[in-house]
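Working notes, beginning with the structure itself.
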Amino acid sequence: MAAQSIYDVTVVGAGPAGLAAAVSSAAAGLSVLLIDAGNQPGGQYWRHPDEKLLPDAGHAGHHGWKTFEALQSRLYAARNTGAAKYLPDTQVWLISGGVAPSQPFTLQLMPSRDTPKPQHAIPDSVQTRRLILCPGGYDRQLPIPGWDLPGTMAAGGVQALMKNHQTLAGKHVVVAGTGPFLLPVATGLAEAGAQVLAICEAGSPMAWLPHVAAVARVPSKGLEGSQYAALLAKHRIPYKIRTIVSRIHGTDHVESVTLSKVNSAGEPIQGTEKHLEADLVALGWGFSPSLELPLMVGVATHQDVDGSLVAIVDEDMRSNVEGVYIAGEATGVGGAAMAVAEGTLAGVTAAADAGQTTQPRFAEKLRKDIARYRKFAVAMHLAHPVPSHWTSWLDSETTVCRCEEVSYGDLGHAHAVLGANDPRTMKMMSRPGMGWCQGRVCGYATASITARLCERAPTVADLLGQAKRPLAAPVSLAQLAALDEPINPES
Amino acid sequence: MSTDKQPTMIFAGQEIPIRSGQSVGAALVDAGIRSWRTTRKNDRPRGLFCGIGICFDCLLTVDGQPNQKACMIPAEDGMRLEPGGPAATGVALRADEQELH
Amino acid sequence: MNHPVSGKGADVIVIGAGAIGAACAFFAARAGMKVIVLDRGEIASGTSSACEGNLLVSDKEAGPELDLSLYSLDVWNNELKEFGHLWEFETKGGLVVSATDQGATNLKQLTGRQRNNGIQAIDVDVADLASYEPFISRELTSGAFYPQDSQVQPMLLAGGLLHLARGFGATVHTGTTVTGFIRKGNSVHGVTTTNGTYYADNILNAAGTWAGGIAELAGANVPILPRRGFVLVTEPLPVTIRHKVYAAEYVGNVLSSDAGLQTSPVVEGTHSGTVLIGSSRERVGFNNEVSLPVLKNLAAKAIALFPVLAGVKAIRHYHGFRPYCPDHLPVIGPDPRVPGLWHAAGHEGAGIGLAAGTGQLIAQALTGGAVGMSLQPFAPERFEEIHV
């Protein structure tokens, strides 16, 4: 079913940024389409039990829940008046068009899962004059020997299981990696009844000291900090700094882990190993923004202070591509409050660019909020870097690409023998990033490993090789064959 | 007071209890099942990894549909699940397709 | 930087580290020449990284390209046999199928001609198609099986050949763009690059789809144009498709000079379980934008060949630019217009298969020895009067 009309703006993603963008665009008088792969609004940050099945489920542990509730009810109100259309359970797999000024974008859509079939109709494609892309991000991963044993999960996945499915992924847990996100995951597990054996933070909290001023300007973060400290004490969770999980042991699932102290470059220190029995390892090294949709429409990117590839936007959330705005984690990882401010501003800007009334004072306030949150995010990133020599904890058998089962040794061979000096060549020769997930999990690690093998730090060019995806999600050949395009008359 | 039978799904012939709002993957983990797929090259077990639908580790066959993400499919009473893995992925052979011309 | 041998520089500079350049470098180095390989990008970062790795004799009518294909096949199966595991060499066989009665008639005539030309071709009755490919469509009319059609992994090929060449003393410099030629009178004896100057008695232009630009720097006209092709890649599957399978009109497309979109199904499985689906040909310059009509056509035609693919997912697609000469023949050999300059480029969609033969012939010619087959049909100077 082809598009019936052209929307003024289409927002992709219904997390904090996308919800805010859809609501502010609609409030400014634009016709809005909000598309989201999930079955209800909230994205990753505001994951909660299915409201249709469990409308009274508690929302303990959710920061900013009132903000979410307000945005959600404004979205539904806009939907009810016809100002906004909301398509959940919908995956955008390709975006084209927008090449000439005032040429609309066409988004190819499909259900975000094959079964059970969504109950609402999803058009095959829609057209829009403007795009606000809020694709969010996902846990950044670094391989560890043994990390491919079942019972090893991304920290965000462990939290999603708790928040969304009220399920504990394990009973004796080690949480490891770097960054403040390890805290809510660990305390959430403990409050739900798991035994959290340790939080292993590769960095050092001393790294915060130069950035105290940035922290002070966001008082809610300080409050959060002291709440976590209380919970760690309550559950007797050791918080070990300059510590990593250096090996995960087990035959067919996680049975135990080895912890090691590391130096500031992430290199394990001999003789500091400790052995712990565990059935769950939750790993988190910050977040990787999902950039395939912005890259598809030609958005320029650069490397943020956390080493991630992010989209470049001006202070009003415009990208370099006319008609395309980006908000949320994709412009730089910075948490939900910043995402809401960015999404709101993107909607305001899109409306102004479309000739609706401008809101200069509101826009100025949003810019100031964003700047404040950004300073805090930068401080956080600088305090929790990916250790520069993290690859030193790999051995030649360590799986780097989980989908294609490519080992660190395979990558070393491609470099030393076959001459692969960049991640793209590495990918083409040894196949990391060629499997189902198309480099989402191993992309950062592969770029980082390749750079380190060439004795340099990863660059934007390194990261781009694994971030571009010609199809944003797997799409059936039948769906491709049904595209609204001419068949070659020749055959 | 209604005494509805506990909803269950069937995984490889085994009845797995499910709670409202759980994903297939969550229900399997609750039942102590950590892996339900083997890898193509090294025949290694896999289950949940990223938990949010981006890693494709947790694939299994749901009601005859191969390669479904266990972390994203809501568990429903009566669902039939089969393990993923090289033998079960992709092309689902039906009896009439196996017939040679 | 260059380390001259006998004070005179290297014996040959190879411009281009793709399949063709790598094969030439390997054979020349093994023959005792001092070889320097230059590439502005990385190893196989051009068309060699965007193809399927096909070695086909089945799609060629009588003529110099078929002669070169058969010669090259012989090199793959003899001189290069011991290294085949380095690039996953597999004699997979190709199955060509027709979907109409006229197509069946044409195919039978074709296989008859092909057998006369030295190609092994087995006519396959429609009733026997499923024994070759259990999942193939039941709506076809006939087929032909080509046992000689083979497969390599093109990245491993280029990387492997260059690794072997380095074992014979060759050096490889990536990220090095040729900016000009150094002349001695009308001859060339060196190149300037973004990483310094290199000298050699012979300079081989193996720059593929970009070889026209290199030739122009040297003052020679070699009209090579890009012919874009897309490949769809499916999810990993259990073994579904055993051979390369394609429709009979593929041959017509290869030979066509039409600039418009030509698509014809080519389907094959890979070691990793993915199925590759081609093929398309368009002359759209170096346009990198996705083409929805191409994706639609490739998918629809693949399903027509293998109905079971309808429910299979594509996980990515890629495209490349075949180097295309107006007369459908590559450019191989010395360029009499610019002494010292050689070419090995313009192999269109047959570059991987022809790499072995091209490499050996170039090395033979460079060392002044007997050449295994005449390079006259591929002579660069045939383009004296053609300007693109």
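Chains as they are written, first to last, in the working numbering: chain P, 130 to 620; chain R, 4 to 104; chain B, -13 to 374. Think of the CB as a built atom: it goes at the ideal place given N, C-alpha and C, for glycine as much as any other residue. Please read all numbers here as calculations on a predicted model, not as lab measurements.
Of P/177, P/550 and P/597, the smallest CA-CA separation from residue 161 of chain B is found for P/550. Cα atoms of residue 429 of chain P and residue 278 of chain B: separation of roughly 23 Å, rounded to the nearest angstrom. Three or more Cβ pairs drawn from the segment 545 to 561 of chain P and the segment 20 to 30 of chain B lie within less than 8 Å of each other, which places the two stretches in contact. Boundaries of the beta strand (DSSP E) around residue 139 of chain P: 135 to 141.
Shown here for residue 241 of chain P: same chain residues with a beta carbon closer than 7 Å to its own, the five before and five after excluded, namely 166, 218, 219 and 220 in chain order. The three-state secondary structure of residue 421 of chain P, taken from DSSP, is helix. Look at residue 216 of chain B here: in three-state DSSP terms it is strand. Fully enclosed alpha helix (DSSP H) runs of no fewer than 4 residues occupy 87 to 102 and 115 to 118 of the segment 69 to 130 of chain B, in order along the chain.
When P/582, P/493, P/305 and P/208 are compared, the shortest CA-CA separation from residue 366 of chain P is found for P/305. The beta carbon of residue 585 of chain P sits no closer than 9 Å to any beta carbon of chain B. Restricted to the segment 371 to 448 of chain P, the beta strand (DSSP E) segments that are unbroken, complete and at least 3 residues in length are 372 to 378, 385 to 390, 403 to 406, 409 to 414, 416 to 418, 430 to 432 and 438 to 440, listed in chain order. For residue 325 of chain B, the closest C-alpha among the options B/23, B/311 and B/168 is that of B/168. Contact of residue 550 of chain P with chain B is assigned, a C-beta pair being separated by under 9 Å. Nearest CB-CB separation between residue 81 of chain R and chain P: not below the 9 Å threshold.
Residue-level contact check: residue 22 of chain R does not touch chain B, since none of the beta carbons of chain B fall below 9 Å from its beta carbon. Residue 46 of chain B carries a coil assignment under DSSP once its states are collapsed to helix, strand and coil.
Taking a C-beta distance under 9 Å as the contact criterion, residue 401 of chain P and residue 389 of chain P qualify as a contact pair. Non-local beta-carbon contacts of residue 466 of chain P in its own chain, meaning distances under 7 Å to residues more than five positions away in sequence, involve 193 and 502 in chain order. Straight through space, the alpha carbons of residue 37 of chain R and residue 299 of chain P are spaced by roughly 10 Å.
For the 9 Å CB-CB criterion, residue 329 of chain B and residue 201 of chain B form a contact.
In the structure shown, residue 302 of chain B falls within a strand segment according to DSSP collapsed to helix, strand and coil. Distance from the CA of residue 562 of chain P to the CA of residue 46 of chain B, rounded to the nearest whole angstrom, comes to 35 Å. For residue 513 of chain P, the closest alpha carbon among the candidates P/424, P/491 and P/333 is that of P/333. Cβ neighbours of residue 75 of chain B within its own chain (closer than 6 Å, five residues either side excluded): 138. Not flagged as an interface residue toward chain R: residue 509 of chain P, since no C-beta distance is shorter than 9 Å. The criterion of a C-beta distance shorter than 9 Å is not satisfied by residue 86 of chain B and residue 135 of chain B. The Cβ-Cβ distance between residue 332 of chain B and residue 197 of chain B falls below 9 Å. Taking C-alpha positions only, residue 35 of chain B is separated from residue 336 of chain B by approximately 14 Å. Scanning chain B for C-beta atoms nearer than 7 Å to the C-beta of residue 70 of chain R yields 221, reported in chain order. Taking all protein chains shown into account, residue 408 of chain P has 16 or more neighbouring C-beta atoms within 10 Å of its C-beta and is therefore buried. Counting of Cβ neighbours within 10 angstroms places residue 355 of chain P among the exposed residues, the total staying below 16. Closer than 9 Å to the CB of residue 47 of chain R there is not a single CB belonging to chain B. Under the three-state reduction of DSSP output, residue 152 of chain B falls in the helix class. Counting only runs that start and end inside the segment 276 to 317 of chain P, the beta strand (DSSP E) elements of at least 3 residues fall at 281 to 283 and 301 to 307.
Around the CB of residue 433 of chain P, 16 or more other CB atoms lie within 10 Å, so the residue is classed as buried. Close partners of residue 581 of chain P in chain B (Cβ separation under 9 Å) are lacking, with about 17 Å as the shortest Cβ gap.
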